[in-house]
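J.: Each step along the sequence shown adds one to the number in numbering that gives the first Met the number 0, with nothing skipped, and position 19 is 18.
Virtual Cβ for every residue (Gly too), placed ideally from N, Cα, C.
Bear in mind the structure is a predicted one, so any value in this text is a computation, not a measurement.
Mind having a look at this structure? Questions to follow.
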Amino acid sequence: MNANQAKYPQLRFAGFADAWEERKLVSMTNYKNGKGHEDKQSTIGKLELINLNSISISGGLKHSGKFIDEADDTLQKDDLVMILSDVGHGDLLGRVALIPEDDRFVLNQRVALF
Numbered sequence: 000m001n002a003n004q005a006k007y008p009q010l011r012f013a014g015f016a017d018a019w020e021e022r023k024l025v026s027m028t029n030y031k032n033g034k035g036h037e038d039k040q041s042t043i044g045k046l047e048l049i050n051l052n053s054i055s056i057s058g059g060l061k062h063s064g065k066f067i068d069e070a071d072d073t074l075q076k077d078d079l080v081m082i083l084s085d086v087g088h089g090d091l092l093g094r095v096a097l098i099p100e101d102d103r104f105v106l107n108q109r110v111a112l113f
């Protein structure tokens, strides 16, 4: 296989015929890391924290049971969040979930917004 052929995948989706175009991920998305809210969190509040317990192994959103009352930035409907570290077995590392509604959730540390 020559260098030119390597840019054309063998399996194609309908409507795609051009060669692969290599890009850095940073040019295609915005990235934001969460921050710690331990000093403000409780079991009740207006905004639910998205933390390591908020994303299931199957890749869906779960309730964390942790809340805060105010934040500088809230997540928006269809934001994609991803777990950045997993101190347990590594099963959750890289798992993602979509945010279901505007202004109800806040990123906690070790979770990123894409």
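Under DSSP, the beta strand (DSSP E) around Phe104 begins and ends at which residues?
T.: Counting along the chain, the beta strand (DSSP E) containing Phe104 begins and ends at 104 to 106.
J.: In terms of alpha-carbon separation, which member of Ile82, Phe15, Leu10, Gly87 lies closest to Ile49?
T.: Ile82
J.: How is the beta strand (DSSP E) around Met81 delimited, first residue to last?
T.: Per DSSP, Met81 belongs to the beta strand (DSSP E) from 79 to 82.
J.: Counting along the chain, where does the beta strand (DSSP E) carrying Val86 start and finish?
T.: Taken as a continuous stretch (DSSP letters only), Val86 belongs to no beta strand (DSSP E), as it is neither H nor E.
J.: Put Leu74 into one of helix, strand or coil per three-state DSSP.
T.: coil
J.: With which residues is Ser41 paired in a DSSP beta bridge?
T.: Phe66
J.: Cβ atoms of Leu106 and Val80: under 8 Å apart, would you say?
T.: yes
J.: For the segment 29 to 47 and the segment 56 to 67, state whether three or more C-beta atom pairs, one from each stretch, are separated by less than 8 Å.
T.: Contact between the segment 29 to 47 and the segment 56 to 67 is present, with at least three C-beta pairs closer than 8 Å.
J.: Give me the Cα-Cα distance between Phe104 and Gly33, rounded to the nearest whole angstrom.
T.: 11 Å
J.: Helix, strand or coil for Lys6? Go by DSSP, reduced to three states.
T.: helix
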